[in-house]
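Here is the structure we will look at, set down as structure tokens.
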């Protein structure tokens, strides 16, 4: 538990009582500092007193006009309104004059009391004891700061963190749609001279490469897949025949 080691007392006393007050304080405590300040409020007091005199005279004249029997109803209403306004301003200045009188006629005394530290508080381990006493307060202050930071920052993080990710994904998707499609290209061309005569073809077998002589026959590997109809036995047999024919050409 933290105990305050200082206190403050503010009061106003008459000028003749201020000296006696300081003498009594010197008997029970040591006065470390005594400072006197003064402020000239003469012009303010004169201005307020002039306003009070003028408003008082205006109020008296309005009361005389209101008491006159020669005025009409409209004049009476206007005089009453002006009298009420004048009286309100006069009350305000009279209150201000009382405050100024209290400030100028009395001395404002501001006294600060500080207790003397004991031997235990001024020892070598005094900072450790002070830190231990203030540990709970420091921990609570840290937790309060963390809660305040979380409440202030987390909603904005949840709002702004997905935005860059969505922006990047959108740009990547647009770039993927704008890229031109690649056409099939020849990856590798290998030429093999025919050193031996091609094997005889069976009846009804189509030539391996139409329009190409046997001596100029080449094997061309294309980066293209032939579509194959699913669950079609006839198409599978045709593909097998074409594959066998291609192997026969390759072996030649």
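Residue numbers (the working numbering): 390 to 641. Where is the CB? At the ideal position from N, CA and C, for every residue including glycine.
Helix, strand or coil, according to DSSP, for residue i in the structure here?
i           : result
residue 425 : coil
residue 430 : coil
residue 550 : coil
residue 396 : strand
residue 420 : coil
residue 501 : strand
residue 612 : Low confidence applies here, because residue 612 scores a pLDDT of 42, under 50, leaving its location unreliable and the question unanswered by this model.
Please classify residue i as buried or exposed, where buried requires at least 16 neighbouring CB atoms within 10 angstroms.
i           : result
residue 603 : A caution first: residue 603 carries a pLDDT of 42, below 50, which makes its placement in the model unreliable, though a value can still be read off. By the 10 Å Cβ count, residue 603 comes out exposed.
residue 556 : exposed
residue 475 : buried
residue 563 : exposed
residue 542 : exposed
residue 468 : buried
residue 396 : exposed
Return yes when the Cβ of residue j is within less than 8 Å of the Cβ of residue i, no when it is not.
i           : j           : result
residue 401 : residue 488 : no
residue 438 : residue 485 : no
residue 472 : residue 445 : no
residue 421 : residue 498 : no
residue 424 : residue 503 : no
residue 493 : residue 434 : yes
Alpha carbon to alpha carbon, how far is residue j from residue i? Give it in angstroms, no decimals.
i           : j           : result
residue 692 : residue 545 : The first residue shown for the chain is 390 and the last is 641, placing residue 692 beyond what the model contains.
residue 443 : residue 450 : 11 Å
residue 431 : residue 403 : 18 Å
residue 501 : residue 456 : 58 Å
residue 516 : residue 436 : 56 Å
residue 398 : residue 518 : 29 Å
residue 447 : residue 482 : 14 Å
residue 522 : residue 419 : 28 Å
residue 532 : residue 524 : 12 Å
residue 559 : residue 551 : 12 Å
residue 429 : residue 440 : 19 Å
residue 470 : residue 405 : 46 Å
Any Cβ of chain E within less than 8 Å of the Cβ of residue i?
i           : result
residue 442 : Of the protein chains in the structure, only one exists, and it is not chain E.
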